[in-house]
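Only one structure is covered here, and it is reproduced in the block below.
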Amino acid sequence: MDRVPVLKIGEILLVSIQIDLDDQTALQLQEDLSDRIVETGAHGVVIDISALEIVDSFIGRMLSTIAAVSRVLDAETVVVGMRPAVAITLVELGLSLNGVRTALNVDKALEILAEAKQVRGVGVLSVRGSDDVPL
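In our numbering, the protein residues as written are 1449 to 1583.
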């Protein structure tokens, strides 16, 4: 079985899918990526699907699941390189890819993740018995 490599670049994990994903490989990617987020403490995941010519409903759901699991593990996910035919297919299948952010290329994805990290870094700490204190 083929495995999709997960590369670490700073606080970002980059996944470039260069093979046709069968169901087993997609599930293995989901597990590998979750493990790497925990191991590295990554705050962002970029998934490059520009080499995929076809995305079926299972792969579409898998992308949504990866994004949901990543969010639970404190990492945002951005999918890049979606071909127009793939986008049309996903819409025709009724898959909205909830929680999956998209960008045209890796540079844009990195900008999105940098902005998301800044926004997450500004929060409010609620201390019992006092007013909210900005962090």
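Ideal Cβ positions, reconstructed from N, Cα and C, are used throughout, including at glycine.
Rounded Cβ spacing between A1499 and Q1466 (contact assumed at less than 8 Å): By 1-based counting over the sequence shown, the position of residue 1499 is 51. By 1-based counting over the sequence shown, the position of residue 1466 is 18. Yes, they are in contact, since the Cβ atoms of A1499 and Q1466 sit about 5 Å apart, within 8 Å.
Should E1524 go down as buried or exposed, given a rule of 16 or more other Cβ atoms within 10 Å for buried? The residue you call residue 1524 lines up with position 76 of the sequence shown. Looking at its Cβ environment, which holds 16 or more other Cβ atoms inside 10 Å, E1524 is buried.
State yes or no: is the C-beta of V1493 within less than 8 Å of the C-beta of L1461? Along the sequence shown, read from residue 1 onward, the residue named residue 1493 stands at position 45. Along the sequence shown, read from residue 1 onward, the residue named residue 1461 stands at position 13. Yes.
Reference T1550, options S1512, L1477, V1520, closest by Cα: Locating residue 1550 in the sequence shown gives position 102, counting from the first residue. Nearest C-alpha to T1550: S1512.
Going along the chain, which residues of its own chain have a beta-carbon closer than 8 Å to the beta-carbon of F1506, five neighbours each way excluded? For the purposes of this step, residue 1506 is taken as the residue at position 58 of the sequence shown. Counting only Cβ-Cβ distances below 8 Å, and skipping sequence neighbours, we find D1471, A1474.
Is the Cβ-Cβ distance between L1481 and I1457 less than 8 Å? As a working mapping, residue 1481 is identified with position 33 in the sequence shown. As a working mapping, residue 1457 is identified with position 9 in the sequence shown. No, the pair does not count as a contact, with Cβ atoms beyond the cut-off.
Cut-off 6 Å between Cβ atoms - residues of its own chain near V1534, not counting five sequence neighbours on either side: Counted from its first residue, the sequence shown places residue 1534 at position 86. Result list for V1534: V1503, in chain order.
Distance, Cα to Cα, V1452 vs L1561? Taking the first residue of the sequence shown as 1, we reach residue 1452 at position 4. Taking the first residue of the sequence shown as 1, we reach residue 1561 at position 113. Taking the straight line joining both Cα atoms gives about 22 Å.
Residue closest to A1516, alpha-carbon to alpha-carbon, out of V1548, A1557, L1543: Position 68 of the sequence shown, counted from the start, is the residue given in the question as residue 1516. The residue with the shortest Cα to Cα distance from A1516 is V1548.
Name the residue from D1483, G1508, E1563 whose alpha carbon lies nearest to the alpha carbon of E1540. Your numbering for residue 1540 matches position 92 in the sequence shown. Selected option, being the one with the closest Cα: G1508.
To the nearest angstrom, report how far apart E1459 and A1557 are at their CA atoms. As a position in the sequence shown, residue 1459 is number 11, starting the count at 1. As a position in the sequence shown, residue 1557 is number 109, starting the count at 1. Distance between the alpha carbons of E1459 and A1557: 13 Å.
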